[in-house]
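Q: Each number in my numbering corresponds to the 1-based position in the sequence shown with 4 added.
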Amino acid sequence: MLRPEMEIEIGDLLFKGCVSFEVTRDVDRLSVTGLVTLPLKAVLKGEGEVTVSREVRPGDAVTVRAGYRGHGIREVFRGFAVNVDPSDRVRIRLEDQTYLLRKKAVVFDKRDYGKSLAQICAKLVEGTGLKVSDRTAKVKIDKMNYSGNSAGALARIKETLNLSCYFDNGELYVGGAQLNPKGSAKCIYGVNIIKNSLKYEYAETNPVMVEVVGKMADGEEIKVTKGMEGGSKMTFIKYNVTDKKLLERMATEILERYSFDGFRGSLTLKFLPWCEPGGSVDYSNASYGDGTAGRYFVRSVKYAFSGSSGLTQTVRLGPKLTGI
Numbered sequence: 005m006l007r008p009e010m011e012i013e014i015g016d017l018l019f020k021g022c023v024s025f026e027v028t029r030d031v032d033r034l035s036v037t038g039l040v041t042l043p044l045k046a047v048l049k050g051e052g053e054v055t056v057s058r059e060v061r062p063g064d065a066v067t068v069r070a071g072y073r074g075h076g077i078r079e080v081f082r083g084f085a086v087n088v089d090p091s092d093r094v095r096i097r098l099e100d101q102t103y104l105l106r107k108k109a110v111v112f113d114k115r116d117y118g119k120s121l122a123q124i125c126a127k128l129v130e131g132t133g134l135k136v137s138d139r140t141a142k143v144k145i146d147k148m149n150y151s152g153n154s155a156g157a158l159a160r161i162k163e164t165l166n167l168s169c170y171f172d173n174g175e176l177y178v179g180g181a182q183l184n185p186k187g188s189a190k191c192i193y194g195v196n197i198i199k200n201s202l203k204y205e206y207a208e209t210n211p212v213m214v215e216v217v218g219k220m221a222d223g224e225e226i227k228v229t230k231g232m233e234g235g236s237k238m239t240f241i242k243y244n245v246t247d248k249k250l251l252e253r254m255a256t257e258i259l260e261r262y263s264f265d266g267f268r269g270s271l272t273l274k275f276l277p278w279c280e281p282g283g284s285v286d287y288s289n290a291s292y293g294d295g296t297a298g299r300y301f302v303r304s305v306k307y308a309f310s311g312s313s314g315l316t317q318t319v320r321l322g323p324k325l326t327g328i
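1. Do V94 and V68 have their C-beta atoms closer together than 7 Å?
2. For V88 and G283, I'd like the C-alpha separation in whole angstroms.
3. Please name the residue in A70, T239, V214, Y170 whose C-alpha comes closest to that of G231.
4. Helix, strand or coil for Q101? Go by DSSP, reduced to three states.
5. Taking 7 Å as the threshold (C-beta atoms), are S270 and R303 in contact?
6. Run through the DSSP bridge pairs and tell me what S151 is partnered with.
7. If I measure Cβ to Cβ from V212 and keep anything under 7 Å in the same chain, skipping five residues before and after, which residues do I get?
8. If you reduce the DSSP assignment to three classes, tell me which class S291 lands in.
9. With distances taken between CB atoms, is the gap from T37 to S24 smaller than 7 Å?
10. Residues in the same chain with beta-carbon distance under 7 Å from T140, minus the five sequence neighbours each way, listed in chain order, please.
11. Run through DSSP, which three-state label would Y262 get?
12. Counting beta carbon pairs with one atom in the region 215-225 and one in the region 185-195, are three or more of them shorter than 8 Å?
13. Three or more beta-carbon pairs under 8 Å between the region 108-116 and the region 46-64, yes or no?
14. Tell me whether E252 sits in a helix, a strand or coil according to DSSP, three-state version.
15. Give me the Cβ distance between E2 and N166, rounded to the nearest whole Å; I'm assuming they're in contact under 8 Å.
16. To the nearest whole angstrom, what separates the beta carbons of A255 and V228, a pair I think is in contact under 8 Å?
17. Buried or exposed, going by whether 16 or more other CB atoms sit within 10 Å of the CB of P185?
18. Below 7 Å between beta carbons: does that hold for V348 and A159?
Okay, structure coming up:
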């Protein structure tokens, strides 16, 4: 029998359990967010009974680790308490290191034109103690004008370049969704899957044509198209991006997201095997017959605990990577 274990550190306090928690990690979202629910009072080793709402404050560092006795525990979340809501229970909203970027002012102007993405990212995290991942995409930012906080600037980069932007083990990663690989987990329908909302679809049933247009302020345009002729056309405008290789990569990633033969949707399993966004799952379902099993990219995972369901992972699949 799997016995859940967890450690929740908030500031100087260590909780060995909670009423519930949810943490969502997603390669398509800027930040990892979550919610931890604790009782109004708790008895802590070395502390005695404490009133939780008096001890926890916005800005406190938070780490959530969970797993099963005898199987080890994994770090589910590292970041900060954003909001503390004491009512019948204490609900603590969480955000990862993006919380620090929201508090940092930054200005980009003509002095930053032509800098590399890594240099731009270094300016975003300057003074926060955070680092930029070595895997960050090797591209140049032709032009960027911005005045606000670093989180807003990062959101602008994400939208403009169609890149994944998130913190990975405390380092800021900005790059292709599939270029920061994690581990793979085997998921078999009827064996280790609790709930399944997956459906098998064929690309030829809903053909797609993707057009990505890079536009400059002077009116210059570069267009890249990928997909099936006659398919439903999807156009994406990217301002101040004229690197054709970058536009082609964007078009390929968008096409892979919307057009492939394979399963779409999400599945729910326990905390074993462990899944991570950016990783993959080997999924098979005997009901669909030969040729449908495959390795799928993981776009997001919602990690959760409750007294009724225990520890669960809800995994949202992305494009099919290979057959198995």
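All C-beta atoms in this analysis are idealised placements derived from N, C-alpha and C, irrespective of residue type, glycine included.
Keep in mind that this is a model prediction, so the values were computed, not measured.
A: With the structure as the only source:
1. no
2. 32 Å
3. V214
4. coil
5. no
6. V111
7. G231, M232, G235, S236, M238, L259, Y262, S263
8. If DSSP states are grouped into helix, strand and coil, S291 belongs with the helices.
9. no
10. Excluding sequence positions up to five before and after T140, its CB lies within less than 7 Å of the CB of L121, A122, C125, Y177, V178, G179, all in the same chain and listed in chain order.
11. helix
12. no
13. no
14. helix
15. With the chain represented from 5 up to 328, any question about residue 2 goes unanswered, as that position is not in the structure.
16. 5 Å
17. A residue is called buried once 16 or more other Cβ atoms fall within 10 Å of its Cβ, and P185, having fewer, is exposed.
18. Here the chain has residues from 5 to 328 only, and residue 348 is not among them.
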